[in-house]
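What follows is a single structure, written as structure tokens, with notes after it.
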């Protein structure tokens, strides 16, 4: 049987990460279990709810922090109001609503303005909001407000900055470690910090008390601007927006560098065996950057959270709403993150085109249930979750030589049949330029028509179709004339979320 494809009338996106939408596969299953196929003539610009773009509808914000609750979805807190903070709510990390003030400055409050970078920690049945604001003496300090609910209202524990180190401090982040110990991370702000004649923002860490209400001991300097990419803003330099994450016994201190309203505002990370260092910055920094791209600018000040089903790590960060005119008007973005086999942290971004939704929302990413073979050899890099965007990630591409007939065959196989209804194909650094067409076969019984890839197509190529049971999926790529190989980075396989629920998985 053949599955038909129809080429779309237009290609969507002209940026470094573009999208080409593919057609719909129509599968009609008879009561006897036999499969009858009709030509897939349906093509639509809207791909349903399996994919999203980073136009999430939240602008004029900064410093987004997302809290995943156990029973009430996600809450997001941002730099967002002159007298406090708004928060938003979501079930899937993509669709946000319910914008409401969750912390409001009181008339007699210690804080005056510059309400920045709220982060919320759930601890012993309460929600603790750590935030930045200026005091009556025009100096930045860190305050703490508490609420019984994630949506507030948050009320200051005391009418004073709870954490006052005697100098300007911003961007609080809290780690509750696996052993129960607590730590506060923050940036000593450049407004009151001069080092070797330069204004610098530097990151510090200090143990917290068990009740989160006070520090224990002296703060330790952990990071200072020192890598070349961190010095693009000139005589004032920044390491700010710390966010601690742990993985397999290691501590990953992620941060932002450069001026927030410049295109060079980007993310980096450093690693240590201890929560208070010493930390070594990654040679592959920056972790997330817009680089020379024109469709995105100023990717920074982030947080991490898990997908709805808890299987994926996602980075939430801001970028400039208008990349052609960087300013304090920023928007929310989310991109997939993770760790390589050798312990390197990565963020698959910045992505400005459509991409699969976080797993457990409308779709479930089941790629990790498949093993990959390419031209008869193991191809683990194609299903590891890491697709390359920057040239420095070229070692995560797989170069595949064409066989007789000018084709490359990639086979994904699972231990059992699974309902599949979408795939995303990410090429390597060469993009789609060497690929003339792609076709696929499911379990050697249902095959698609040859789909012609437009020369303008880059990444990712999204294929969506009605659900079909599949244990093995063969992707056959035909080379353009003169090309004898191609590079691929990742192939993502999705199943409908309702299928997972029905199967109890």
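Numbering (the numbering used here), first residue to last: 3 to 507.
Heads up, the beta-carbon is just placed ideally off N, CA and C, and yes, glycines get one too.
Given residue i as reference, the closest of the options once Cα atoms are compared
i, options, result
"residue 217", "225, 227, 206", "206"
"residue 324", "333, 318, 317", "333"
"residue 277", "236, 227, 221, 198", "221"
"residue 159", "133, 439, 312, 345", "133"
"residue 166", "473, 240, 208, 201", "208"
"residue 420", "192, 470, 398", "470"
"residue 398", "386, 405, 168", "386"
"residue 191", "83, 260, 146", "260"
"residue 87", "119, 199, 201", "119"
"residue 244", "142, 428, 186", "186"
"residue 122", "201, 169, 66", "66"
"residue 285", "228, 327, 355", "228"
"residue 246", "303, 263, 215, 231", "303"
"residue 147", "215, 195, 126", "215"
"residue 84", "136, 93, 55, 58", "136"
"residue 379", "352, 413, 392, 395", "413"
Exposure label - residue i; buried when at least 16 CB within 10 Å
i, result
"residue 12", "Caution applies to residue 12, whose pLDDT of 28 falls short of 50 and renders its modelled position unreliable; the value that the coordinates give is listed next. Under this definition residue 12 is an exposed residue."
"residue 359", "buried"
"residue 175", "buried"
"residue 487", "exposed"
"residue 161", "exposed"
"residue 248", "exposed"
"residue 2", "With the chain running from 3 to 507 in the structure shown, residue 2 is simply not present."
"residue 403", "exposed"
"residue 314", "buried"
"residue 42", "Only weak support exists for where residue 42 lies, its pLDDT of 28 falling under 50; the coordinates are left without a value."
"residue 514", "Any answer about residue 514 is impossible in this case: the structure gives the chain only from 3 up to 507."
"residue 232", "buried"
"residue 168", "exposed"
Residues near residue i in its chain [Cβ-Cβ closer than 6 Å; skip 5 each side]
i, result
"residue 68", "76, 78, 305, 307, 318"
"residue 242", "173, 189, 203, 258"
"residue 484", "none"
"residue 452", "439, 441"
"residue 178", "184"
"residue 64", "81, 320, 332"
"residue 71", "152"
Same chain, Cβ closer than 8 Å to residue i, five either side skipped, listed in chain order
i, result
"residue 138", "112, 114"
"residue 153", "77, 89, 91, 100, 102, 104"
"residue 443", "449, 450, 475, 476, 478"
"residue 400", "376, 381, 383, 384, 430, 489, 490, 491"
"residue 180", "248"
"residue 34", "Because residue 34 carries a pLDDT of 30, less than 50, the predicted location of this residue cannot be relied on, and no value is offered for it."
Cβ neighbours of residue i in the same chain (closer than 7 Å, five flanking residues each side left out)
i, result
"residue 499", "362, 363, 364, 365, 366"
"residue 494", "358, 367, 369, 425, 426"
"residue 342", "348, 388"
"residue 46", "Only weak support exists for where residue 46 lies, its pLDDT of 33 falling under 50; the coordinates are left without a value."
"residue 193", "142, 170"
Endpoints, beta strand (DSSP E) assigned at residue i
i, result
"residue 204", "200–210"
"residue 395", "Premise fails: residue 395 is in no beta strand (DSSP E) and is neither H nor E."
"residue 316", "315–322"
"residue 338", "332–341"
"residue 243", "238–249"
"residue 58", "No beta strand (DSSP E) contains residue 58, which DSSP labels as neither H nor E."
"residue 373", "372–376"
"residue 494", "487–498"
beta-carbon residue i near the ligand NAD non-hydrogen atom, thresh 7 Å
i, result
"residue 146", "In the structure shown, the ligand NAD is absent, as is every other ligand, since no ligand is present at all."
Count the C-beta pairs between the segment 256–275 and the segment 299–309 that are closer than 8 Å, then say yes if the count reaches three, no if not.
yes
Cβ pair count under 8 Å reaching 3, the segment 330–348 against the segment 372–380
no
Give a yes or no on contact between the segment 475–484 and the segment 341–350, applying the rule of three or more CB pairs nearer than 8 Å.
no
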